[in-house]
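Enquirer:
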Ligand SMILES: [Zn+2]
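In my numbering, the protein residues as written are 118 to 391.
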């Protein structure tokens, strides 16, 4: 969740469909509001067959797990978001996150990580402690770890290395530069790019996308946030993933279908089996 990128105005038009289906690796179906079945149908109509919907606290994590159980193509991520965790997290909450993680359609512990953009320094220790606990839950439940890292690249990578990463790690709404992308690729961490890769001022992000290995790339909306161009500022939704995927292919000088096939395979490795 990146809480900026406004939500004003009418919903954007659907882009032309992809010919190879991919998954939206990170959205918030609850925060988007509106009808879930409608959002899924609009996504599937343009080749976004599946989506991972992401909790930010206990209540929203329960909601994602429930919706994933109800809809075959929806998978859930459960965690306490770093901004919530900065206030401290009690043991009961960790226990319930671990319990939710064992449900069959819950494939991810996330979003967890560090957010120094919104958190004052005196709260960093609480945030790091929560991140460590979520890493432990991901390992214990053998789920994929999905990381929110905002203005905290060095500490995020350090804590992950100190704890020892779980088998599968995804950096959601990847925000590093080409050097951080290289560190992630050496460690085998997947990098999920959101609509901000399409922004005019995001050349650094496009450079990172260009050097990331193809088999570690994922694509997401972070809906309702981070709406891709040309709809920046409008409400985001999984059906807009094709815009971001095409921008990634352009940044990499790659064929869209080739990239989509790789993203689909990596998604299944990270969030599957379907
Ligand atoms: Zn998010």
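The C-beta atom is built at its ideal place from N, Cα and C for all residues, glycine as well.
(1) Taking the straight line between their C-alpha atoms, what separation do you get for residue 138 and residue 239?
(2) With distances taken Cα to Cα, identify the nearest neighbour of residue 391 among 178, 213, 253, 223.
(3) Can you grab the Cα-Cα spacing for the pair residue 184 / residue 193, in whole Å?
(4) What's the gap between the Cα of residue 144 and the Cα of residue 371?
(5) Beta carbon of residue 341, beta carbon of residue 359: below 8 Å?
(6) When the cut-off is 8 Å and only beta carbons count, does residue 135 lie next to chain B?
(7) To which residues of the same chain is residue 157 closer than 8 Å at the C-beta, ignoring the five residues directly before and after it?
(8) May I ask whether a heavy atom of ligand 1 can be found less than 7 Å away from the beta carbon of residue 209?
(9) Please tell me whether residue 337 and residue 319 are closer than 8 Å, where the distance is taken between their beta carbons.
(10) Pick helix, strand or coil for residue 376, following the three-state DSSP scheme.
(11) Please state whether DSSP places residue 194 in a helix, a strand or coil.
(12) When you compare only the Cα positions, how much space is there between residue 327 and residue 296?
(13) Determine the burial state of residue 136: buried for a count of at least 16 other Cβ atoms within 10 Å of its Cβ, exposed for fewer.
(14) Cβ of residue 289 within 8 Å of Cβ of residue 263?
(15) Where residue 152 and residue 385 are concerned, what is the direct C-alpha to C-alpha distance, given to the nearest angstrom?
(16) Among 236, 247, 182, which one has its Cα closest to the Cα of residue 62?
(17) How about residue 174: is its Cβ closer than 7 Å to a heavy atom in ligand 1?
Expert: The short version:
(1) Translated into the one-based positions of the chain shown, residue 138 becomes position 21. Translated into the one-based positions of the chain shown, residue 239 becomes position 122. If you take the alpha carbons of residue 138 and residue 239, they lie about 44 Å apart.
(2) The residue given as residue 391 occupies position 274 in the chain shown. It is 223.
(3) Mapped onto the chain shown, residue 184 falls at position 67. Mapped onto the chain shown, residue 193 falls at position 76. Taking the straight line from one Cα to the other gives about 8 Å.
(4) Taking the first residue of the chain shown as position 1, residue 144 is located at position 27. Taking the first residue of the chain shown as position 1, residue 371 is located at position 254. In a straight line, the C-alpha of residue 144 is about 25 Å away from that of residue 371.
(5) The residue you call residue 341 lines up with position 224 of the chain shown. The residue you call residue 359 lines up with position 242 of the chain shown. No, these two residues do not count as a Cβ contact at 8 Å.
(6) Of the protein chains in this structure there is only one, and it is not chain B.
(7) For the purposes of this step, residue 157 is identified with residue 40 of the chain shown, where counting begins at 1. These residues qualify, in order along the chain: 168, 188, 190, 191, 355.
(8) Here the question's residue 209 lines up with position 92 in the chain shown. Not under cutoff, so the answer is no.
(9) As a position in the chain shown, residue 337 is number 220, starting the count at 1. As a position in the chain shown, residue 319 is number 202, starting the count at 1. No; because the gap between Cβ atoms is not below 8 Å, this pair is not in contact.
(10) The residue given as residue 376 occupies position 259 in the chain shown. Reduced to three states, the DSSP call for residue 376 is helix.
(11) On the chain shown, position 77 is the one that residue 194 refers to. If DSSP states are grouped into helix, strand and coil, residue 194 belongs with the strands.
(12) Position 210 of the chain shown holds residue 327. Position 179 of the chain shown holds residue 296. In a straight line, the C-alpha of residue 327 is about 12 Å away from that of residue 296.
(13) The residue you call residue 136 lines up with position 19 of the chain shown. By the 10 Å Cβ count, residue 136 comes out exposed.
(14) If you number the chain shown from 1, residue 289 lands on position 172. If you number the chain shown from 1, residue 263 lands on position 146. Yes; because the gap between Cβ atoms is below 8 Å, this pair is in contact.
(15) Position 35 of the chain shown, counted from the start, is the residue given in the question as residue 152. Position 268 of the chain shown, counted from the start, is the residue given in the question as residue 385. Roughly 26 Å separates the two Cα atoms.
(16) Residue numbering for the chain in the displayed model covers 118 to 391; residue 62 lies beyond these limits and cannot be assessed.
(17) As a position in the chain shown, residue 174 is number 57, starting the count at 1. Checking every heavy atom of ligand 1 against the Cβ of residue 174, none is found closer than 7 Å.
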